[in-house]
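If you read the sequences in order, they're chains A and B. Each residue of the first sequence is one higher than the last, beginning at 116 in the working numbering. Each residue of the second sequence is one higher than the last, beginning at 181 in the working numbering. Even glycine gets a Cβ: it sits at the ideal position worked out from N, Cα and C. These numbers were taken from a predicted model, which means no experiment stands behind them. In what follows, a structure is listed as structure tokens, so that the remarks can point back to it.
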Amino acid sequence: MSVLVNNDTRLLVQGITGNSGATHARGCLEYGTNVVSGVTPGRGGQVFDDKVPVFDTVVEAREESGCNATMIFVPPAFAADSIMEAVDAGIELVVAITEGIPVADMMRVKTKLAHSKSVLIGPNCPGIITPGQCKIGIMPGYIHKPGDIGVISRSGTLTYEAVWQLTEAGYGQSTCIGIGGDPIHGMTHLQAAQLFTEDPDTRAFILIGEIGGSEEEEAAAWIKENCDKPVAAFIAGATAPPGRRMGHAGAIISGGKGTASAKQEALRDAGIVLADTPAEMGAALIKALG
Amino acid sequence: MNIHEYQAKELFDKYGVATPAGGVAETVNQVIEVARELGTDTVVVKAQIHAGGRGKGTFKSGFQGGVHLCDSPEKAGEIAGKMLGEVLVTHQSGEEGKLVNKVLVAASVDIDKEFYFAILMDRETERAVIVASSEGGVDIEDVAENTPEKLIRVPIHPTLGLQGYQARTIAKQIGFTSEQMRPAAKLFAAAYKLFMATDCSMVEINPLVLTTDGEVQALDAKFGFDDNALFRHPEIAALRDTDEEDPREVAASKFDLNYIGLDGNIACMVNGAGLAMATMDIIKHYGGDPANFLDVGGGATEEQVREAFRILAGDPKVEAILVNIFGGIMQCDVIAQGIINAAEEIEMNLPLIVRLEGTNVAEGRKLLEESGINLITASDLGDAAKKAVESVA
Ligand SMILES: Nc1ncnc2c1ncn2[C@@H]1O[C@H](COP(=O)(O)OP(=O)(O)OP(=O)(O)O)[C@@H](O)[C@H]1O
Ligand SMILES: [Mg+2]
């Protein structure tokens, strides 16, 4: 059926009265997500769109609305504070959409997270969606279709590309997780792969990576030993000039590690079907299914 | 963001990282003046560019070396005269080299031993990591490759920070003696404080030296800053030198566009870094050559799209423009309106291949159709790449 989010998810939106927070809270409501509360410090007592109560703090929102997931749209300068507030309030799933959070802030967030039960997705990510049940994030809902294929990706729009190819070919998705492109972030490729491997309702999954870091290699090594499900993959940035920053601080090639070819080799070695071009991600998954 | 060595030296002075006295100069007369004020027998004149390997670099004039030891203020002036206004090419500057507008004039020190010291933000450990070596002054990549055992790496706890014992241990491990250990550890602590206080992504000191007087000093500094944190460091943001950057990238950054110039002839405009990289990959796959990487970001406005076009169309190497948008935050009708506005303002006689998908795609396609601008529509990413490559064939 799905991982992490479903019909029982009760969503809080941090930064709900801001521009993009409001837009995307509405987008989630329209999709059918159960948006139960919002937080904007100083706006406690207001009601968003005549439907969603707004609180000053996450603790109040948790107590009053029983939220078990949060979507964060707070500006970069205050986003780390918001993530930590959600973690301290015991919110089970924290989805940080905000782009441009300083690396040092994320480093501190990660030490906080290490001592909690919360799961962080992002930041700088499109969010997570279980088609037909719950959308948390900025992805266009209509490209998805309920089904049994899992999607994991570091990049936002490249995820949409993959999902669209799957849907067009008639393959629905169990859950799609955008893990985000920042160098220091929450859920990793490996953790997402573990969730999909354990999920009885996911038949196969696709992993979309990027140059930089070693998460794809780590996921590949784990999949090789532990996962019997069909897996497909694509790595973006094979033609990026070495040493140049390509938008994600993450996409830096360092010391011979993290190159597209190193990642492709590790994935292939794990029996994963690689898409040659980003136009063939859906086709690679279908090929993996056999 | 990067800064010049003379600016790094000012930060070192402020945070107490020991470094030889010196000053920056833009003319030969200023060089002589600074050298006289230093009052040392010899001074070092160093070309200020955003690239390493200056010492072994060559000026396009044929003059050798961007770092020179000079035994009088007059000699310093003479050497600086061969650097200022000239283009220095190093193994890191690219073939086109970098124009030298300023030189650093520093007191020369007598070096007993050279070391390597750096602090980097490391994604693997999710910490700041100190990298240090007894082998300074040479290319650290060679050390990493040939004698990795001579490089030590110490991750620093994000909230506890660098502890005194860690700094002392690093000093001993790279070969400082008992007497030298404390001044070395003091320099490490000051550098770490500076690194954290200014949101650096990298501070590299190569060489870190032990002088014949037993002092520990930083003779060179390369800094990288986290662009995402510049908002809280206006004094650092003010150190940006746009002369050191690709003018196309500078123009793009004024409009918050993420642009990197490349050498091909197919310009691309894409939303999202991952999709932008993937678009470059698929252009190459079909035998084409991308002219750039351009991510217009999640929530681009009409104005940003128009400026993006201006930059792409203004690049003389560009022979076709490929627009690939998968709207999430970004709405396809906004992109379409931006394209129409740009096409009306800028005379574009280039083939324009457009692939739109996602939020408000129907409205976007309709706007483009009704505008009457001449463009090639593509049904999917593969189709778009093929059509773009064909259009320049
Ligand atoms: N103040 C000084 N006194 C004496 N020698 C110096 C001084 N500054 C630099 N040098 C010498 O010049 C060499 C090159 O200087 P520096 O490292 O600044 O240049 P570089 O070319 O930028 O080096 P890199 O390859 O690290 O980029 C040093 O290794 C050192 O031996
Ligand atoms: Mg040096």
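Taking Cβ positions, are residue i and residue j nearer each other than 7 Å?
{"i": "A/ALA375", "j": "A/ILE350", "result": "yes"}
{"i": "A/GLY153", "j": "B/GLY452", "result": "no"}
{"i": "A/LEU400", "j": "A/ALA336", "result": "no"}
{"i": "A/MET186", "j": "A/VAL128", "result": "yes"}
{"i": "B/ASP475", "j": "B/ASN521", "result": "no"}
{"i": "B/ALA231", "j": "B/SER273", "result": "yes"}
{"i": "B/GLU266", "j": "B/VAL280", "result": "yes"}
{"i": "B/ASN445", "j": "B/GLU499", "result": "yes"}
{"i": "B/VAL616", "j": "B/ILE259", "result": "In the structure as shown, chain B starts at 181 and stops at 573, and residue 616 of chain B therefore has no counterpart that could be examined."}
{"i": "B/ASN504", "j": "B/VAL450", "result": "yes"}
{"i": "A/ILE131", "j": "A/PHE170", "result": "no"}
{"i": "A/LEU412", "j": "A/LEU119", "result": "For residue 412 of chain A there is no data in the structure shown, the boundaries of chain A being 116 and 405."}
{"i": "B/ARG307", "j": "B/PRO338", "result": "yes"}
{"i": "A/LEU310", "j": "B/ALA458", "result": "no"}
{"i": "A/PRO246", "j": "A/THR213", "result": "no"}
{"i": "B/ARG348", "j": "B/ALA365", "result": "yes"}
When you compare only the Cα positions, how much space is there between residue i and residue j?
{"i": "A/GLU325", "j": "B/PRO253", "result": "52 Å"}
{"i": "B/VAL617", "j": "B/PHE403", "result": "The displayed coordinates of chain B run from 181 to 573. Any statement about residue 617 of chain B would go beyond what the structure contains."}
{"i": "B/ILE336", "j": "B/GLU276", "result": "39 Å"}
{"i": "A/ILE368", "j": "B/GLY552", "result": "With a pLDDT of 33 at A/ILE368, under the threshold of 50, the modelled position of this residue cannot be trusted, and the question is left open."}
{"i": "A/GLU200", "j": "A/GLU332", "result": "32 Å"}
{"i": "B/ALA493", "j": "B/ARG428", "result": "11 Å"}
{"i": "A/ASP297", "j": "A/GLY327", "result": "10 Å"}
{"i": "A/CYS342", "j": "A/LEU404", "result": "14 Å"}
{"i": "A/SER135", "j": "B/GLN360", "result": "55 Å"}
{"i": "B/ARG486", "j": "B/ALA480", "result": "10 Å"}
{"i": "B/ASN182", "j": "A/ALA355", "result": "21 Å"}
{"i": "B/GLN244", "j": "A/GLY252", "result": "56 Å"}
{"i": "A/LYS378", "j": "A/GLN161", "result": "49 Å"}
{"i": "B/ASP560", "j": "A/VAL388", "result": "22 Å"}
{"i": "B/LEU367", "j": "B/LEU390", "result": "12 Å"}
{"i": "B/LEU532", "j": "B/GLU550", "result": "16 Å"}
{"i": "A/GLU330", "j": "A/VAL218", "result": "18 Å"}
{"i": "A/GLY150", "j": "A/GLY373", "result": "Per the sequence shown, the amino acid found at residue 150 of chain A is Val instead of Gly. Looking at the two C-alpha atoms, the distance is approximately 39 Å."}
{"i": "A/GLN264", "j": "A/ARG125", "result": "Reading off the sequence shown, one finds Ile at residue 264 of chain A, where the question assumed Gln. Each residue's alpha carbon lies about 24 Å from the other."}
{"i": "B/ILE519", "j": "A/GLY386", "result": "43 Å"}
{"i": "B/LYS352", "j": "B/ARG535", "result": "60 Å"}
Under the rule that 16 or more other beta-carbon atoms within 10 Å means buried, what is residue i, buried or exposed?
{"i": "B/LYS278", "result": "buried"}
{"i": "A/GLY370", "result": "Because the pLDDT of A/GLY370 is 49, which lies under 50, any placement of that residue in the model is unreliable, and the number read from its coordinates should be weighed accordingly. Exposed: under 16 other Cβ atoms inside 10 Å."}
{"i": "A/LEU382", "result": "buried"}
{"i": "B/THR199", "result": "buried"}
{"i": "B/SER241", "result": "exposed"}
{"i": "A/ASN239", "result": "buried"}
{"i": "B/ARG412", "result": "exposed"}
{"i": "B/VAL214", "result": "buried"}
{"i": "A/GLN248", "result": "buried"}
{"i": "B/GLN343", "result": "exposed"}
{"i": "B/LYS189", "result": "buried"}
{"i": "A/SER280", "result": "At residue 280 of chain A the sequence reads Gln, which differs from the Ser that was named. Classification for A/GLN280: buried."}
{"i": "B/ASN472", "result": "buried"}
{"i": "B/TYR186", "result": "buried"}
{"i": "B/ILE526", "result": "exposed"}
{"i": "A/PRO345", "result": "buried"}
{"i": "B/ASN529", "result": "exposed"}
For the segment 219 to 243 of chain A, enumerate the residues whose C-beta is nearer than 7 Å to any C-beta of chain B, in chain order. Correct list: ALA219, MET222, ARG223, LYS225, THR226 and PRO241.
At least three beta-carbon pairs within less than 8 Å, the segment 504 to 514 of chain B to the segment 535 to 554 of chain B: Touching, yes, given that three or more Cβ pairs across the two stretches are closer than 8 Å.
Which residues of the segment 372 to 403 of chain A have a Cβ closer than 8 Å to any Cβ of chain B? Give them in chain order. Answer in chain order: ASP391, THR392, PRO393, ALA394 and GLU395.
Closer than 8 Å is the cut-off here; do at least three beta carbon pairs connect the segment 252 to 259 of chain A with the segment 280 to 293 of chain A? The segment 252 to 259 of chain A, when compared against the segment 280 to 293 of chain A, does touch it at the 8 Å Cβ threshold.
Does the segment 186 to 203 of chain B touch the segment 358 to 376 of chain B, meaning 3 or more C-beta pairs lie closer than 8 Å? Result yes; three or more Cβ-Cβ pairs closer than 8 Å.
Kindly confirm or deny that the segment 376 to 395 of chain B and the segment 403 to 419 of chain B touch, where touching means at least three C-beta pairs closer than 8 Å. By the Cβ rule, the segment 376 to 395 of chain B counts as touching the segment 403 to 419 of chain B, because three or more pairs are nearer than 8 Å.
Are there three or more Cβ pairs, one per stretch, closer than 8 Å when the segment 310 to 320 of chain B is compared with the segment 192 to 211 of chain A? Taking one beta carbon from each stretch, the segment 310 to 320 of chain B and the segment 192 to 211 of chain A have fewer than 3 pairs nearer than 8 Å; the two do not touch.
Three or more C-beta pairs closer than 8 Å, one from the segment 321 to 331 of chain B and one from the segment 246 to 263 of chain B: is that the case here? Contact fails: fewer than three Cβ-Cβ distances are below 8 Å.
The segment 452 to 481 of chain B: which residues have C-beta closer than 9 Å to a C-beta of chain A, in chain order? For the segment 452 to 481 of chain B, which is checked against every Cβ of chain A, the residues closer than 9 Å are GLY452, ALA453, GLY454, LEU455, ALA456, MET457, ALA458, THR459, MET460, ASP461, ILE462, ILE463, LYS464, HIS465, TYR466, PRO470, PHE473, ASP475, GLY477, GLY478 and GLY479.
Taking Cβ-Cβ distances below 8 Å as the criterion, which residues of the segment 363 to 381 of chain B are in contact with chain A? Of all residues in the segment 363 to 381 of chain B, MET376, ASP379 and SER381 have a Cβ within less than 8 Å of some Cβ in chain A.
Give a yes or no on contact between the segment 224 to 242 of chain A and the segment 299 to 310 of chain A, applying the rule of three or more CB pairs nearer than 8 Å. Three or more Cβ pairs closer than 8 Å define a contact, and the segment 224 to 242 of chain A meets that threshold against the segment 299 to 310 of chain A.
Closer than 8 Å, Cβ to Cβ, to anything on chain B: give me those residues from the segment 341 to 359 of chain A, in chain order. Against chain B - using a Cβ distance shorter than 8 Å - the residues of the segment 341 to 359 of chain A are PHE349, ALA351, GLY352, ALA353, THR354, ALA355, PRO356 and ARG359.
Listed in chain order, which residues of the segment 289 to 312 of chain B have Cβ atoms closer than 7 Å to some Cβ of chain E? Looking for chain E here will not work: the only protein chains present are A and B.
Can you list, in chain order, the residues of the segment 254 to 277 of chain A whose Cβ is nearer than 9 Å to any Cβ on chain B? Taking 9 Å as the Cβ-Cβ cut-off against chain B, the residues of the segment 254 to 277 of chain A that qualify are MET254, PRO255, TYR257, ILE258, SER268, ARG269, SER270, GLY271, THR272, LEU273, THR274, TYR275 and GLU276.
Would you say the segment 310 to 318 of chain A touches the segment 416 to 426 of chain B, given that touching needs at least three Cβ pairs under 8 Å? No, the segment 310 to 318 of chain A is not in contact with the segment 416 to 426 of chain B.
What residues from the segment 290 to 324 of chain A come within 7 Å of chain B, judged by C-beta to C-beta, listed N to C? Those would be GLY296, PRO298 and ILE299, in chain order.
Using 8 Å as the threshold, is the segment 391 to 400 of chain A in touch with the segment 385 to 397 of chain B, meaning 3 or more CB pairs across them? Counting Cβ pairs under 8 Å, fewer than three are found: no touch.
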